[in-house]
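A.B. asks: To start, I am sharing the structure in question, which I have written as structure tokens.
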Amino acid sequence: AFGLTSNDDGYLGLGWSGDGKMVGSHAVIGTTNKDDSGPSVESYLMNSKAYSSFTSSSVVIKDVSIEVDNGIQTVRFFRDFTPDWDGKGVQSLIYAIGSAPKLSVHQRSGVIKLDLAAGTAEATATESKETVYTVHGTLMTVAWGGLIPFGILAARYMDRGAGPLWIKIHKASQVSGLLIALGAWIIAIVDFDTAAGEAHGIIGLIVMVLGLLQPMNAFVRPHPGYEHKWRKEWEMLHKFSGRGAVVLALVNCFLGLDRFFALLPTIGGIGSQAYYILLGVWIIVMGCVAAFLEVKKFQAKATKEGEKAKKNIELQADMQA
């Protein structure tokens, strides 16, 4: 007989795992399911970390019940011993607790080492998902909201007459930004339990592919000068794919915040709006800086062309004289 108790009005899960990991384990999950058909307790085979891939398990459970009393949720059930779980020796159980009434990313989880013969159990909590999400979001924001846009601004607006400084800053910003973003992307692939089909995941994939292609197409760039075949086309591809990746990444930052507070509703609320405001203000500041520099660049170009035209007029006048 098993019983699970939590003060979260969401779902509770207990699984049997040979290696203490989620994938490939059989689990019993009880959920209040308030938005649909009501409370339920079901047995699942967890084929992957994406809950949408769960299928019915061969593990038979009976005498199941789920109840919520004074904010305390309790799930009870029985299961028989089977060849893959005979109750002998130290057995690995995994548990997960979620705040949402339906299956979603869990807020708490861990492993229980159970020894029925000795009558002992040792529980170890896994890393908080809030920490993983926070690290991922922070790294992506630093990369796509700071370093990479700074490198783009350096390439477009720094004075070429100052020598190779602009390209050094551009390369350093882009490479460091992409490495940080790559680290954040690996965290998402390894640690996130969400399905890849969600908008945030799809846009993130597109952004990272565009970003990682940038140093590759920079490596095979034609020699400077529009007289070279494909140089103009290469510049258009390099510039606009990079800028497009930044725009998509900034949009995805907002989608990421939506996902963060949806998966961790206990930390949402009015205070969460501050994150949206700060991100919006930062984007506006970057936009204003870019607009200011664009105006200055246009003015400098107009002044230079005006001076050149004036010299040509003076030269023609001297020749006619």
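Count along the sequence shown from 1, then add 11; that gives the number in my numbering.
Glycine included, C-beta positions come from ideal geometry on N, C-alpha and C.
Less than 8 Å between the C-beta atoms of G162 and H147, yes or no?
C.D. replies: no
A.B. asks: Could you check how far apart the C-beta atoms of I77 and V39 are, in whole angstroms? I think they sit under 8 Å.
C.D. replies: No, I77 and V39 are not in contact; Cβ-Cβ is about 11 Å, not under 8 Å.
A.B. asks: Please classify R167: does DSSP put it in a helix, a strand, or coil?
C.D. replies: helix
A.B. asks: Does DSSP classify G121 as helix, strand or coil?
C.D. replies: For G121, the three-state secondary structure derived from DSSP is strand.
A.B. asks: Cutting at 8 Å between CB atoms, please list the residues of its own chain near P233, excluding the five before and the five after it.
C.D. replies: H239, K240, W241, R242 and W245
A.B. asks: Which first and last residues belong to the beta strand (DSSP E) in which F89 is found?
C.D. replies: I83 to R90
A.B. asks: Using only alpha-carbon positions, find the residue among L261, S283 and V262 that is nearest to F271.
C.D. replies: S283
A.B. asks: Report the rounded CA-to-CA distance for E141 versus T149, giving the unit in angstroms.
C.D. replies: Answer to the nearest angstrom: the Cα atoms are 12 Å apart.
A.B. asks: Assign I108 to one of two classes, buried (16 or more other C-beta atoms within 10 Å of its C-beta) or exposed (fewer than that).
C.D. replies: Buried: at least 16 other Cβ atoms inside 10 Å.
A.B. asks: Is W3 helix, strand or coil by DSSP?
C.D. replies: There is simply no residue 3 to check, as the chain begins at 12 and stops at 332 in what is shown.
A.B. asks: Who are F13's beta bridge partners in DSSP?
C.D. replies: F88
A.B. asks: Just to check my reading of the structure: V75 and M57 have Cβ atoms closer than 8 Å, yes? What is that Cβ distance to the nearest angstrom?
C.D. replies: Not confirmed; about 18 Å, so no contact.
A.B. asks: With 16 as the cutoff for other CB atoms within 10 Å, does S110 come out buried or exposed?
C.D. replies: buried
A.B. asks: Tell me the DSSP bridge mates of T131?
C.D. replies: D126
A.B. asks: So what does DSSP say about T152, is it helix, strand or coil?
C.D. replies: Of the three classes helix, strand and coil, the one that applies to T152 here is helix, per DSSP.
A.B. asks: Anyone know if the C-beta pair for L23 and V122 falls short of 8 Å?
C.D. replies: Not in contact: L23 and V122 (Cβ atoms no closer than 8 Å).
A.B. asks: Please tell me whether G255 and L224 are closer than 8 Å, where the distance is taken between their beta carbons.
C.D. replies: no
A.B. asks: Is DSSP giving K73 helix, strand or coil here?
C.D. replies: Looking at K73 - three-state DSSP - the assignment turns out to be strand.
A.B. asks: Mapping DSSP to helix, strand and coil, what is W241?
C.D. replies: coil
A.B. asks: Secondary structure at D202, three-state DSSP: helix, strand or coil?
C.D. replies: If DSSP states are grouped into helix, strand and coil, D202 belongs with the helices.
A.B. asks: Just to confirm before moving on: does the CB-CB distance between G188 and L158 stay below 8 Å?
C.D. replies: yes
A.B. asks: Have a look at the DSSP bridge pairing and note the partners of I37.
C.D. replies: Here residue 37 is His; the residue named in the question, Ile, does not match the sequence. Per DSSP, W27 and L56.
A.B. asks: Between the alpha carbons of E209 and W177, how many angstroms are there, rounded?
C.D. replies: Straight through space, the alpha carbons of W177 and E209 are spaced by roughly 38 Å.
A.B. asks: Among all the DSSP beta bridges, which residues are the ones paired with T66?
C.D. replies: In the DSSP output, where bridge partners are listed per residue, T66 has L56.
A.B. asks: Assuming Q84 contacts S28 under a Cβ cut-off of 8 Å, what Cβ separation, rounded to an integer in Å, is found between them?
C.D. replies: No, Q84 and S28 are not in contact; Cβ-Cβ is about 23 Å, not under 8 Å.
A.B. asks: Answer with yes or no whether the minimum CB distance from G156 to chain C is below 8 Å.
C.D. replies: Checking the listed chains, one finds no chain C in this structure; it contains a single protein chain.
A.B. asks: Answer with buried or exposed for F230, where buried requires no fewer than 16 other C-beta atoms within 10 angstroms of its C-beta.
C.D. replies: exposed
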